[in-house]
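Down below is the structure, laid out as structure tokens.
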Amino acid sequence: MALASELPAQSDRWATFANTLRKRAFRSPSDSFTSVFIFGLMLYMAWTMIDWAILSAVWRAEDVENCANTGGACWSVIAARHRLILFGLYPFEEHWRSTLACLAIVATVVLSCLPRFWSTSRLITLWIVGFGAYVVLMDGRLIGQPVVTTDQWGGLALTLFMFSAVVLLGMPLGLLLALARRSKLPVVRGAASLLIDFIRSLPLLTTLFAAAVVIPLLLPDWLNGDKIWRVIVGFALFFACYQAEVFRGGFQAIPKGQFEAGKALGLTPFQTLSRIVMPQVFRHALPSTINMVVVTFKETAIVIIIGFFDVLASANAAFGTVEWAPYYIEVYAFVGAIYWIFIFSLSQYGEYLKARMAVAKR
Amino acid sequence: MATNFAKIACAVAFAAGVAAPVTAAAKSSTVTAIEERGTLLCSGHNGSYFGFVEVNDKNEWKGLDIDMCRALTTAILGDPDKAQIVPLSWAQRFPALQSGDVDVIIKATGWTMGRDTEVGLQFSLPYFFGGTQFMAHGDLGITEAKELDGGTICVEAGTTIERLAGNYLKTIGIEHTMVSYEKASELRAAYLANRCDAFAAWGPFLAVLRATELEKPDAHIILSDQLSNEPIAAAMRQGDEEFVDMVNWMIAALLIAEEEGVTSANVEEMASNPPNPKIARLLGVDPGMGERLGIRDTWAKEMIAAVGNFGEIYDRNLGEGSPYKLERGLNNLWSHGGVLYAPILD
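These protein sequence lines are chains A and B, in that order. One point on numbering: in this note's numbering, the residue at position 188 of the first sequence is 208, and numbering is uninterrupted. One point on numbering: in this note's numbering, the residue at position 172 of the second sequence is 203, and numbering is uninterrupted.
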């Protein structure tokens with residue numbers, strides 16, 4: 021008996037599954053009816069979806085005349101306009117530069133996610149190299165290529181850049197704000213609290229609108245910089261203020277005794293913080309941090325309101341001509357898939373981090 | 032300082048969605064700034080506005096408004112490619128103009144009293160006329176707005192159309208529910224999904240939508256009511272009359288060229304052998320055209336060679352040469368039954 025249960029044969033497993041199914045889904049006639057109905061409905065939806073997206077779809081840009089007849093998806097619009105969606109208004113001949121720049125940003129983000137790079141010096145080097153490469157490639161001035169000004173940056177290239185710049189600037193800034201809020205000096209503590217509460221009381225849209233439109237009226241011309249940098253700084257500040265509160269939650273979870281124990285062992289306050297407290301803060305704050313990062317990725321779409329040609333804006337432009345106007349669903353599906361890939365990867369990375377950090381708990 | 036404060040107040044008021052009175056003081060000439068910069072900053076769109084601002088397969092801007100901007104750029108800088116199109120949303124266009132992000136707004140913008148006074152804009156001659164109309168599902172079997180009683184009307188949020196449609200229906204005593212959408216594509220989807228019986232929009236936009244509705248172009252009817260006839264004009268910051276003159280005469284030159292039969296094809300020939308004194312003046316053969324605006328005498332010639340006259344611009348983007356095949360109608364020259372006319376070139 022014991023042996024049989026340790027080595028269940030294929031048919032046994034099937035029997036167990038059938039048994040569970042019978043108990044869970046087909047216990048009574050009404051149960052059976054509901055199960056069959058819902059399962060059938062799901063099958064039907066899946067089939068319609070597959071039929072629309074793959075079987076009856078038109079794929080090539082030249083075949084667009086067939087689109088009106090087949091009833092399937094018209095992926096021709098993606099074939100013809102994907103470069104607009106990915107790179108916005110970036111000049112057509114220079115797309116190799118924006119492609120490389122995109123890869124540089126993705127590589128920077130992926131590498132900074134690897135534990136191997138988790139030291140201050142390595143991270144800072146990586147970020148300077150990665151973002152430097154992006155800006156140099158996109159701008160083109162320093163590598164002797166035609167200059168492309170920031171108002172022509174767009175599409176996925178812009179979304180990725182804004183997102184990673186906001187998170188990478190905002191994360192350390194958030195940590196600083198969280199530490200400042202715990203400071204023993206009343207002025208530092210007060211200023212940090214005021215800033216955090218002030219920014220958190222404003223909607224993101226107002227913050228960005230102010231950064232894009234109001235700040236240029238306040239600052240002298242030479243300090244203005246490009247709209248894109250102002251918006252990134254404004255967005256990063258917004259992110260930092262929320263992230264500071266996430267970190268504060270992490271700090272509050274640390275018993276006071278640990279600080280005292282650190283002091284008793286003769287550690288400096290900095291050592292206590294960096295060796296004992298911070299690793300735990302990061303662990304406590306991890307789920308909310310991943311959440312913040314994912315939300316920020318989606319929120320980058322708000323920059324459309326202040327006239328940035330992000331991936332959603334260029335998607336709007338992609339179906340914004342007569343020949344492609346009827347196929348907006350395909351364009352939105354494509355952009356949705358792009359968002360999904362990035363956000364799903366982010367949340368999977370979060371799961372990996374959680375598993376990794378759980379080692380400390382064992 | 033006071034000027035700055037007024038401008039900030041204006042931008043802040045816009046952020047909050049209300050308008051504040053503004054008096055903009057004189058600034059240095061916009062034309063000089065454009066010449067120093069070497070580019071002219073024009074308004075684009077954060078997406079696409081059919082026929083007026085679109086992006087082609089090569090990621091380049093095109094459309095009626097873009098061509099008007101390229102015409103102005105050629106007039107001032109001699110090269111249409113020096114136009115720099117800054118993507119702007121509808122809500123952002125006026126603050127962006129005030130803060131200097133753009134030199135001029137050429138973005139299907141109607142000339143209203145509020146914009147002219149409170150918002151502190153200065154408008155050019157109208158270069159396009161478009162009225163607000165209703166489009167309804169054909170199967171309702173109606174032809175005018177009187178028959179819309181109890182219906183649901185969709186509009187785009189934050190435009191003049193929203194207020195206009197409400198006022199109009201109230202005036203003719205029609206009970207209705209108004210639903211507003213942020214984006215034209217949402218509005219379109221809502222209407223096609225039968226969430227509204229009719230929707231109010233700009234006449235040209237309705238025609239464009241109907242033309243692009245591949246499946247059943249006849250299943251929709253544009254109601255006969257003309258709610259308005261809105262003059263569309265270029266908008267500039269107040270306080271730079273010289274720049275307003277420049278834009279006005281850019282538009283005038285495009286119209287005079289069409290009136291006199293000067294096209295991008297025959298402009299060189301006309302310039303070498305001008306058939307009448309007006310054309311000679313227009314194309315800079317006789318001096319005066321540029322001097323009085325502080326630029327080159329041949330600006331109109333270069334402009335027409337680069338983008339064509341107004342008729343060519345219209346045909347290429349909205350008319351016979353475009354997929355929209357929109358009738359000239361009101362947008363024809365006065366001599367052809369339209370309402371477009373140029374001031375006198377002396």
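Backbone N, C-alpha and C define an ideal beta-carbon position, used for all residues, glycine too.
Own chain, CB closer than 8 Å to residue i, minus 5 neighbours either side, in chain order
i: residue 86 of chain B; result: 79, 92, 93
i: residue 330 of chain A; result: 108, 174, 175, 178, 179, 182, 320, 321, 323, 324
i: residue 306 of chain A; result: 370, 373, 374, 377
i: residue 356 of chain B; result: 242, 350
i: residue 211 of chain A; result: 200
Contact with chain B by residue i, beta-carbon distance below 8 Å
i: residue 32 of chain A; result: no
i: residue 250 of chain A; result: no
i: residue 103 of chain A; result: yes
i: residue 247 of chain A; result: yes
i: residue 100 of chain A; result: yes
i: residue 333 of chain A; result: yes
Residue i - DSSP class collapsed to helix/strand/coil
i: residue 163 of chain A; result: coil
i: residue 274 of chain A; result: coil
i: residue 46 of chain A; result: coil
i: residue 193 of chain B; result: helix
i: residue 158 of chain B; result: strand
i: residue 179 of chain B; result: helix
i: residue 204 of chain B; result: coil
i: residue 205 of chain A; result: coil
i: residue 239 of chain A; result: coil
i: residue 93 of chain B; result: strand
i: residue 11 of chain A; result: Residue 11 of chain A cannot be examined here, being either before or after the span of chain A that is shown, 21 to 382.
i: residue 326 of chain A; result: helix
i: residue 371 of chain B; result: strand
i: residue 109 of chain A; result: coil
i: residue 282 of chain B; result: helix
i: residue 173 of chain B; result: coil
i: residue 326 of chain B; result: coil
Residues that residue i bridges to, as DSSP identifies them
i: residue 267 of chain B; result: B/153
i: residue 212 of chain B; result: B/187
i: residue 73 of chain B; result: B/116, B/135
i: residue 94 of chain A; result: A/78
i: residue 84 of chain B; result: B/80
i: residue 233 of chain B; result: B/163
i: residue 141 of chain B; result: B/263
i: residue 364 of chain B; result: B/371
i: residue 175 of chain A; result: A/330
9 Å Cβ cut-off: residues of chain A touching residue i
i: residue 164 of chain B; result: In chain order: nothing, as chain A lies at least about 19 Å away.
Residues that residue i contacts on chain B, provided the C-beta gap is smaller than 8 Å
i: residue 336 of chain A; result: 77, 78, 79, 214, 216
i: residue 329 of chain A; result: 77, 118
Short CB-CB distance (under 8 Å) between residue i and chain A
i: residue 111 of chain B; result: no
i: residue 345 of chain B; result: no
i: residue 243 of chain B; result: yes
Beta-carbon neighbours of residue i, restricted to chain A and to distances below 8 Å
i: residue 85 of chain B; result: 337, 340, 341
i: residue 355 of chain B; result: 342
i: residue 122 of chain B; result: 325
i: residue 115 of chain B; result: 169, 171
Sequence-distant residues of the same chain with beta carbon closer than 6 Å to residue i, five excluded per side
i: residue 91 of chain A; result: 76
i: residue 327 of chain B; result: 321
i: residue 43 of chain B; result: At residue 43 of chain B, the pLDDT of 48 sits below 50, so the modelled position is not reliable; the number obtained from the coordinates is stated separately. Closer than 6 Å at the Cβ level, and outside the excluded window around residue 43 of chain B, lies no residue.
i: residue 361 of chain B; result: 160, 369, 370
i: residue 283 of chain A; result: none
i: residue 172 of chain A; result: 109, 110
i: residue 304 of chain A; result: 270, 273
Contact list for residue i against chain A, beta-carbon separation under 7 Å
i: residue 126 of chain B; result: 233
i: residue 89 of chain B; result: 112
Neighbourhood of residue i by C-beta, 7 Å cutoff - its chain only, sequence neighbours within 5 removed
i: residue 75 of chain B; result: 84, 92, 116, 117, 118, 119
i: residue 316 of chain B; result: 302, 305
i: residue 339 of chain A; result: 97, 345, 347, 348, 351
i: residue 37 of chain A; result: none
Practice prompt. Please list the residues of the region 105 to 135 of chain A that have a C-beta atom closer than 8 Å to any C-beta atom in chain E, keeping them in chain order.
Written response: The structure shown contains no chain E; its protein chains are A and B.
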